[in-house]
Structures are given as structure tokens and as C-alpha cells.
Amino acid sequence: MSFEKFIFYIFSLVLIFAATMVITRRNPVHAVLFLVLAFFNAAGLWMLLEAEFLALVLVLVYVGAVMVLFLFVVMMLDVDVAEMRAGFMKNLPVGLLIGAAMIIELLMVVGPKYFGLDKFAAPVKHAADFSNTEALGMLLYTDYLYPFEIAAVILLVAIIAAISLTLRRRPDRKYIDISKQLAAKKADRLRVVKMESEK
Amino acid sequence: MEFDNSQLMTMLPEIVMLTGALLVLLVDLMVRDSDRMWPYALTLGTLLAAFAAAVSVGGGSSEIILGGNYVRDAMGDSLKGALLLIAIPLFIYAREGLRKMDEWRTEYLTLGLFSILGMMIMISANGFIALYLGLELLTLSLYALVAYCRDSSKGAEAAMKYFVLGALASGLLLYGISMIYGATGKIDFPGIMQQIAADNTGDNTIFVFGMVFVVIGIAFKFGAVPFHMWMPDVYQGSSTPVTLLIGSLPKIAAVAIALRVLAGAMESLHQDWYMMLVILAILSMALGNIVAIAQQNIKRMLAYSTISHVGFIFLGILSGTDEGYRAAMFYAVVYALMAVGAFGILIALDRKGVVVDQLHQLKGLNDRHPWLALTMLLIMFSMAGVPPTVGFWAKLFVLEAVVSIDMWWLAVIAVFFSIIGAFYYIRVVKFMYFDKPIDDEPVVVGGAAQTMLAVNGLAVLLFGLFPVLVFGLMKL
Numbered sequence: 028m029s030f031e032k033f034i035f036y037i038f039s040l041v042l043i044f045a046a047t048m049v050i051t052r053r054n055p056v057h058a059v060l061f062l063v064l065a066f067f068n069a070a071g072l073w074m075l076l077e078a079e080f081l082a083l084v085l086v087l088v089y090v091g092a093v094m095v096l097f098l099f100v101v102m103m104l105d106v107d108v109a110e111m112r113a114g115f116m117k118n119l120p121v122g123l124l125i126g127a128a129m130i131i132e133l134l135m136v137v138g139p140k141y142f143g144l145d146k147f148a149a150p151v152k153h154a155a156d157f158s159n160t161e162a163l164g165m166l167l168y169t170d171y172l173y174p175f176e177i178a179a180v181i182l183l184v185a186i187i188a189a190i191s192l193t194l195r196r197r198p199d200r201k202y203i204d205i206s207k208q209l210a211a212k213k214a215d216r217l218r219v220v221k222m223e224s225e226k
Numbered sequence: 262m263e264f265d266n267s268q269l270m271t272m273l274p275e276i277v278m279l280t281g282a283l284l285v286l287l288v289d290l291m292v293r294d295s296d297r298m299w300p301y302a303l304t305l306g307t308l309l310a311a312f313a314a315a316v317s318v319g320g321g322s323s324e325i326i327l328g329g330n331y332v333r334d335a336m337g338d339s340l341k342g343a344l345l346l347i348a349i350p351l352f353i354y355a356r357e358g359l360r361k362m363d364e365w366r367t368e369y370l371t372l373g374l375f376s377i378l379g380m381m382i383m384i385s386a387n388g389f390i391a392l393y394l395g396l397e398l399l400t401l402s403l404y405a406l407v408a409y410c411r412d413s414s415k416g417a418e419a420a421m422k423y424f425v426l427g428a429l430a431s432g433l434l435l436y437g438i439s440m441i442y443g444a445t446g447k448i449d450f451p452g453i454m455q456q457i458a459a460d461n462t463g464d465n466t467i468f469v470f471g472m473v474f475v476v477i478g479i480a481f482k483f484g485a486v487p488f489h490m491w492m493p494d495v496y497q498g499s500s501t502p503v504t505l506l507i508g509s510l511p512k513i514a515a516v517a518i519a520l521r522v523l524a525g526a527m528e529s530l531h532q533d534w535y536m537m538l539v540i541l542a543i544l545s546m547a548l549g550n551i552v553a554i555a556q557q558n559i560k561r562m563l564a565y566s567t568i569s570h571v572g573f574i575f576l577g578i579l580s581g582t583d584e585g586y587r588a589a590m591f592y593a594v595v596y597a598l599m600a601v602g603a604f605g606i607l608i609a610l611d612r613k614g615v616v617v618d619q620l621h622q623l624k625g626l627n628d629r630h631p632w633l634a635l636t637m638l639l640i641m642f643s644m645a646g647v648p649p650t651v652g653f654w655a656k657l658f659v660l661e662a663v664v665s666i667d668m669w670w671l672a673v674i675a676v677f678f679s680i681i682g683a684f685y686y687i688r689v690v691k692f693m694y695f696d697k698p699i700d701d702e703p704v705v706v707g708g709a710a711q712t713m714l715a716v717n718g719l720a721v722l723l724f725g726l727f728p729v730l731v732f733g734l735m736k737l
């Protein structure tokens with residue numbers, strides 16, 4: 028076994044272990060932390076594929092940003108584990124059936140029969156100074172310019188959607204509008220009441 | 262790849278739409294008026310300009326540009342044109358409805374325009390990447406719109422359901438796409454078609470495996486049985502102006518992607534996919550038409566009616582002939598026209614503080630507003646497939662396509678279920694014309710919406726008398 032293969036198996040085994048732990052842990056915080064471990068190992072696998080940029084982005088974006096957000100959400104929500112598991116036994120047979128069907132289908136197609144080295148030659152190894160990021164950038168801004176632009180529009184829509192769903196003007200807020208204050212006149216605030224003078 | 266600026270002219274409709282949507286966003290910031298006339302006028306202007314652009318760059322032989330991601334061809338031209346034209350009455354009705362609900366904000370216009378842009382991208386996608394991104398643009402805008410009325414807990418629940426099931430469908434679709442990409446090494450439709458045709462091993466298990474997931478993904482977006490669970494809840498949960506958008510135009514885009522993927526990229530696998538569509542079509546027609554009978558809520562009833570119409574659209578696609586594909590396109594366009602009209606009438610009947618969504622609220626409509634009742638009558642007859650309305654021709658053309666490939670039994674099943682379906686459409690007519698009104702409040706409709714509804718109803722009749730006006734434009 029070459030060293031590379033050895034590394035591959037280590038990353039893969041830890042990845043599978045971590046993924047199993049994610050869905051079996053009772054404590055949601057532990058599950059999130061195992062997911063972080065799974066992401067790190069996936070990044071390691073991408074490194075082996077020479078996809079350095081993607082590997083780094085996975086760590087930076089998913090581990091650095093998304094998972095931290097996840098932890099926040101888990102902390103904020105009051106997750107009742109017992110309640111979540113209430114329907115577990117009832118739905119188990121259906122779940123097992125669908126899961127088994129999926130696994131059998133997967134075993135039928137994923138393997139050397141259809142994806143073997145004779146069908147797809149192994150990619151050529153690049154020299155150490157080959158810039159993966161540059162190659163990705165070239166592809167993204169030429170051949171895939173159109174999808175790239177659409178992705179930008181999708182992000183814009185996400186911003187609009189998030190703001191329009193969360194921004195509300197509360198009537199009871201203590202907000203000071205300076206121009207309104209300056210525009211206030213004496214007549215707006217002051218009322219002179221004529222009264223009979225007391226004797 | 263050489264980048265050529267002159268290529269950009271080909272995608273002028275999309276460029277106009279994007280620019281228009283961004284302008285609406287900016288104008289809303291600059292111009293402060295409570296009635297939002299400027300963004301509204303700009304929205305309608307954008308739709309007209311995009312339609313004009315689509316007409317001016319349309320026609321002629323098909324062109325594939327931008328690295329094989331974008332295709333402009335006769336099918337795209339006709340569907341895009343129909344989409345943009347039907348979008349105009351849609352926004353007019355939506356304004357009417359949102360103003361009655363005191364929810365008239367520019368976000369509806371912006372998100373609506375972006376969702377239409379997403380549909381246009383789907384229609385002219387020439388590869389799985391553009392197709393998927395267009396789909397996401399469409400559905401992301403729709404998720405936000407379903408939750409548009411922020412104080413409605415039903416809307417939030419519907420949005421959540423739609424989002425979770427939509428994400429699941431996207432996952433299945435992506436899984437299928439990844440399998441096909443893995444098997445063929447190509448991501449663009451012509452490339453995949455060549456690879457599948459060139460495959461001489463005689464074993465197409467892997468293509469079929471990927472295709473199953475892609476078909477499920479598409480069926481989810483169409484709302485075909487058994488992937489229809491989200492439709493009734495989302496139709497009912499969102500406010501009528503939003504249901505108007507969800508329930509009409511996306512079907513045109515869905516037909517486009519089904520034809521691009523199944524009839525284009527996987528043409529040589531027709532033997533494998535047509536049986537799946539047969540099952541989806543029969544289940545959709547059966548469940549849609551039968552369950553709709555039991556509904557008291559009109560929006561739920563129309564959701565089940567949509568499911569049955571989806572079954573009919575699949576009949577056209579599964580025939581695998583050019584005539585069948587044209588019939589499916591025609592059906593989707595006609596359906597969008599009818600659905601916009603039907604929801605438009607519900608909006609017209611709304612009042613401040615009163616939402617019309619129960620069947621009995623339509624009772625005696627003829628005494629209260631004869632024009633609206635007549636329009637609703639035309640649309641209901643058209644949905645049921647009664648001549649001389651356009652819905653009759655739509656059903657006839659798909660049945661003709663099924664008969665032409667010697668599937669008589671399927672045509673008989675379709676006719677059987679559409680007769681069952683006629684019951685609940687005609688019940689609406691009975692309520693409007695033969696029952697006493699339960700409230701005597703006058704119906705207040707804005708001038709623009711009222712005129713547009715009349716035009717919409719008459720269009721259903723006119724295209725029924727001269728179906729070639731629309732069918733002649735449906736080219737492949």
C-alpha cells in the first residue's frame with residue numbers, strides 16, 4: 028500500500044465514523060462538533076485529489092462560518108430530544124425500507140463496473156507549482172461565466188429575501204428622527220390655554 | 262473559448278429582465294410614495310421590454326452561446342414570449358390583491374421579476390448547471406414570497422414546508438445530475454445526448470439510474486403524484502397574490518426543463534422514461550381529480566386541479582413525438598392563462614379584511630357581479646375541457662398525441678378522469694348562477710384589474726375558437 032492510499036483510508040474511515048456519530052449522538056452540540064470533524068476529513072480527501080482551493084474553502088466557509096452559525100442556532104433553540112424521537116419507532120420500518128432500496132441501487136451502479144479506471148483514466152499528476160486556484164478562476168470566468176453570473180443573482184435574491192422577511196418596523200421603538208425634531212414648531216408642541224384668572 | 266460581445270445580443274431578454282429588476286429595487290429606494298406607482302409601472306415596462314426583446318432576437322436557427330450554457334431556439338422563444346405576456350395580467354391582479362390586504366410592497370415586484378428571470382434561465386438552459394441555477398433562482402424567490410405576509414402563521418408554515426420539500430427535490434435532482442455527469446463526462450445537453458447515443462455497451466443501467474432521480478426532481482417541481490404533497494398546503498397557506506404566481510407561470514418553465522432534459526438530452530432513452538411518466542400521469546390525473554371533489558377551500562381545490570392538469574401535460578411529453586411535445590407546451594401555456602384568471606377572480610372578490618377562499622363565498626356571484634361570474638364560468642369550463650373554450654383543445658391535442666403512439670387505453674383513462682373532474686368545475690358554476698348570495702356587499706374591483714380579467718376571460722374563449730393563434734406559435 029502506497030503512503031497516499033494509506034492517508035486516503037485514514038481520512039475515509041474517520042469521515043465515515045464522524046458522519047455516523049453526527050446522526051446518532053443525543054446531544055446536538057456533539058453532533059455539530061462531529062460534523063466539523065467530518066468536514067475536516069472531507070477537506071483532506073480533496074487535498075489528495077489536488078483540489079487545494081476547494082479544500083481550503085471547505086474549511087474556511089463550512090467549518091469557519093456555517094458550523095459556527097449552526098452552533099449558535101443549536102444553543103438558541105430549545106431542542107427536546109425525547110420529543111424528536113417520539114415518532115422514531117413508528118417511522119423506522121418505512122425508513123429502513125427506503126434506506127435499503129437506496130443502498131441496493133447504489134451498490135448496483137457505483138463501483139468499478141461503471142466508474143472503473145478503464146472507463147475514466149486517472150487524472151494526470153500536476154507539478155508542485157501548479158496553481159489550482161488560477162485554473163479554477165480561468166474556468167469560472169470564461170466557460171462558466173453565465174452560471175457564475177446567475178449565482179450572483181441568486182445571492183442578491185437571498186439578501187432581498189432575508190431582509191424582507193426579517194426587517195419590520197415596530198411601532199413601539201424608541202427611534203429618534205433628527206429632521207423631525209428640527210422641523211418641530213412651537214405650535215406643534217405648545218398649547219396656550221386661556222383661563223379665567225382666579226380672584 | 263473566445264468571448265464575443267455580439268453574442269450577448271442573443272440573450273437580450275434576460276439582460277432586460279435583470280436590469281429591470283435591479284432598477285425596480287433602486288427606484289423603490291429613491292422614490293417615496295405610498296402607492297408605489299413608479300416601481301409598478303417599471304415592472305410592467307420591464308415585462309413589455311423583455312417581450313419586445315424576445316421577439317426581436319427570436320426566430321431563425323438555434324444558437325448556442327456562452328460556453329454552451331445558453332441556447333436560443335424556437336421552443337425557448339415561444340415559451341418565453343408566452344411567459345412574459347401572461348406575467349403582465351399577473352402583476353396587475355397581484356397589485357389589486359395586495360392593496361386590498363394592505364401588503365402592497367415593492368418586494369413582491371422585485372422577487373416576482375427575479376422568479377420570472379429564473380424561469381427564463383430555465384427555459385433557455387442548455388446544460389444542467391444553468392438549469393439548476395435557474396431553478397434555484399425561481400424557487401428561492403418563491404420561498405420568500407410564500408412567507409410574504411409576515412403576520413400570517415399559515416404562510417410561515419407553508420413556506421417552511423415548501424422550503425424543506427423543495428430542498429429535498431433539489432437534492433434528488435442534483436444526485437441524478439451527478440450520476441449522469443459521472444457516466445457521460447458531459448454537463449451540457451447536446452454532449453450528454455451524443456455520449457448516450459455513442460454508448461455501445463448495450464447496458465444503460467447507469468444512465469437510467471441517474472435519469473430516475475432527474476425525473477423525480479422534475480416531478481417534484483411539477484407537483485405530480487406521488488410528489489405533490491407540498492402543493493395543497495402551499496397554495497392554501499400563501500396569500501392569493503402569491504398563489505397566483507406559484508400556481509401559474511412555473512408550469513411553463515417546468516415543461517421547458519422536462520423537454521430539454523427528457524426530449525433533448527435523453528432522447529435515446531425514451532423507452533426507459535416514458536413508462537415512468539405514464540405512471541406519474543395516471544396517478545396525478547386520478548388523485549388530482551378525485552380529491553379535488555372533497556375540497557371546500559377554492560385554493561386547495563385549484564391545487565388539486567393543477568395536479569390533474571400536470572398529469573395531462575405529462576401525456577404530451579411521454580408520447581415522444583414532436584406533436585406531443587408541442588401539445589404539452591400548448592397545454593402548459595393554456596393552463597397558465599387559465600390559472601392566472603381563476604386566481605385573479607378570487608383576488609377581485611377580496612375585500613378589505615375579507616379573504617375569499619371558500620367555495621360557498623362564490624354563491625350567487627352572478628347577482629353581485631355578472632361580468633366576473635361570466636369570466637369565472639369561461640375559465641371553469643376551459644379547465645374542465647368544455648368546447649368552445651381553449652381548455653378543450655389543450656386536452657384534445659395531448660390525447661391526440663397519446664393516440665398517435667397507439668396508447669388508446671391511456672387516452673381512455675385520461676378522458677375518464679377528466680369527466681370526474683368536470684364535476685367540481687361545474688359545481689362552481691352552479692354556485693355562481695343558481696344559488697342565493699350569502700352576502701350582499703358590493704364587489705369592488707380596480708379598473709385595470711377588471712379590464713384585464715375581462716380580456717383574460719375573452720382570451721380563453723377566443724383562443725378556443727381559433728386555437729391555431731396559440732398552437733401555431735408553439736414551435737420546437
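Residue numbers (my numbering), protein chains in the order written: chain A, 28 to 226; chain B, 262 to 737. Ideal placement from N, C-alpha and C gives every residue a C-beta, glycine not left out.
My understanding is that residue i touches residue j, with C-beta atoms under 8 Å, so please give their C-beta distance in whole angstroms.
i, j, result
"Tyr-331 (chain B)", "Ser-385 (chain B)", "6 Å"
"Val-469 (chain B)", "Leu-510 (chain B)", "Between Leu-510 (chain B) and Val-469 (chain B) the Cβ distance is about 31 Å, and since that is not below 8 Å, they are no contact."
"Val-503 (chain B)", "Val-407 (chain B)", "6 Å"
"Leu-40 (chain A)", "Phe-66 (chain A)", "Leu-40 (chain A) to Phe-66 (chain A), Cβ: 16 Å. No contact."
"Met-381 (chain B)", "Pro-274 (chain B)", "6 Å"
"Met-492 (chain B)", "Gly-498 (chain B)", "Going by Cβ atoms, the distance from Met-492 (chain B) to Gly-498 (chain B) rounds to 11 Å, so no, they are not a contact pair."
"Ala-505 (chain B)", "Gly-605 (chain B)", "Sequence check: residue 505 (chain B) is Leu here, not Ala. The Cβ separation is near 7 Å, so the contact holds."
"Val-277 (chain B)", "Ala-302 (chain B)", "Not really, about 16 Å apart at Cβ, beyond 8 Å."
"Gly-463 (chain B)", "Ser-569 (chain B)", "About 39 Å separates the two Cβ atoms, so there is no contact after all."
In terms of alpha-carbon separation, which member of the options lies closest to residue i?
i, options, result
"Ser-413 (chain B)", "B:Val-425, B:Ser-500 and B:Ser-402", "B:Ser-500"
"Ala-588 (chain B)", "B:Leu-305, B:Ala-419 and B:Lys-656", "B:Lys-656"
"Leu-378 (chain B)", "B:Gly-328, B:Met-272 and B:Met-421", "B:Met-272"
"Thr-169 (chain A)", "B:Met-440, B:Gly-329, B:Gly-395 and B:Ala-355", "B:Gly-329"
"Gly-395 (chain B)", "B:Ala-517, B:Asn-461, B:Leu-563 and B:Trp-365", "B:Ala-517"
"Tyr-423 (chain B)", "B:Tyr-436, B:Ile-438 and B:Leu-401", "B:Leu-401"
"Gly-646 (chain B)", "B:Leu-626, B:Ser-665 and B:Ala-675", "B:Ala-675"
"Leu-426 (chain B)", "B:Ile-640, B:Lys-482 and B:Tyr-369", "B:Lys-482"
"Met-490 (chain B)", "B:Val-552, B:Tyr-535, B:Val-475 and B:Gly-446", "B:Val-552"
"Glu-324 (chain B)", "B:Gly-432, B:Ile-349, B:Ser-267 and B:Val-522", "B:Ser-267"
Checking 7 Å against the spacing of the C-beta atoms, do residue i and residue j come in under that value?
i, j, result
"Ile-559 (chain B)", "Glu-357 (chain B)", "no"
"Ala-596 (chain B)", "Lys-512 (chain B)", "This sequence places Tyr at residue 596 (chain B); Ala is not what is there. Taking 7 Å as the Cβ cut-off, Tyr-596 (chain B) and Lys-512 (chain B) qualify as a contacting pair."
"Val-601 (chain B)", "Leu-351 (chain B)", "yes"
"Leu-287 (chain B)", "Thr-371 (chain B)", "no"
"Gly-708 (chain B)", "Val-651 (chain B)", "no"
"Gly-308 (chain B)", "Leu-345 (chain B)", "Correcting the residue identity first, residue 308 (chain B) is Leu in this sequence and not Gly. Their beta carbons are under 7 Å apart, which means Leu-308 (chain B) touches Leu-345 (chain B) by this criterion."
"Ala-282 (chain B)", "Leu-374 (chain B)", "yes"
"Gly-572 (chain B)", "Gly-585 (chain B)", "no"
"Ile-181 (chain A)", "Glu-397 (chain B)", "yes"
"Val-136 (chain A)", "Ile-467 (chain B)", "yes"
"Ala-710 (chain B)", "Tyr-354 (chain B)", "yes"
"Gly-388 (chain B)", "Asp-449 (chain B)", "yes"
"Arg-52 (chain A)", "Ala-46 (chain A)", "no"
"Leu-75 (chain A)", "Phe-35 (chain A)", "yes"
"Met-637 (chain B)", "Met-599 (chain B)", "no"
By how many angstroms is the C-alpha of residue j removed from the C-alpha of residue i?
i, j, result
"Ala-444 (chain B)", "Pro-150 (chain A)", "16 Å"
"Asp-701 (chain B)", "Leu-563 (chain B)", "25 Å"
"Gly-114 (chain A)", "Leu-194 (chain A)", "36 Å"
"Ala-255 (chain B)", "Ala-480 (chain B)", "In the structure as shown, chain B begins at 262 and stops at 737. Residue 255 (chain B) is therefore absent and cannot be evaluated."
"Leu-212 (chain B)", "Ser-339 (chain B)", "Within the shown structure, residues of chain B are numbered from 262 to 737, placing residue 212 (chain B) beyond reach of any answer."
"Leu-548 (chain B)", "Phe-61 (chain A)", "43 Å"
"Leu-434 (chain B)", "Ala-405 (chain B)", "21 Å"
"Leu-359 (chain B)", "Trp-365 (chain B)", "5 Å"
"Ala-162 (chain A)", "Phe-80 (chain A)", "10 Å"
Output, in sequence order along the chain, the residues in the stretch 156–187 of chain A whose CB is closer than 7 Å to any CB in chain B. Thr-169, Asp-170, Tyr-171, Leu-172, Tyr-173, Pro-174, Ile-177, Ala-178, Val-180, Ile-181, Val-184, Ala-185 and Ile-187
Give the residues from the stretch 124–151 of chain A that approach chain B closer than 8 Å (Cβ to any Cβ), ordered along the chain. Contacts with chain B (Cβ-Cβ distance below 8 Å) from the stretch 124–151 of chain A involve Glu-132, Met-135, Val-136, Tyr-141, Phe-142 and Phe-147, listed in chain order.
Closer than 7 Å, Cβ to any Cβ of chain A: which residues of the stretch 358–373 of chain B, in chain order? Glu-368, Thr-371 and Leu-372
Give me the subset of the stretch 319–348 of chain B whose CB atoms are less than 9 Å from a CB atom of chain A, sorted by chain position. Ile-326, Leu-327, Gly-328, Gly-329, Asn-330 and Tyr-331
Residues within the stretch 506–526 of chain B neighbouring chain A, beta-carbon criterion of under 8 Å: none
Taking any Cβ of chain B, which residues in the stretch 206–221 of chain A have a Cβ under 8 Å from it, in chain order? Flagged: no residues at all.
Mind checking the stretch 406–419 of chain B against chain A and listing, in chain order, the residues whose C-beta falls within less than 7 Å of any C-beta there? Ala-408 and Arg-411
For the stretch 70–96 of chain A, enumerate the residues whose C-beta is nearer than 7 Å to any C-beta of chain B, in chain order. The stretch 70–96 of chain A vs chain B, Cβ under 7 Å: nothing.
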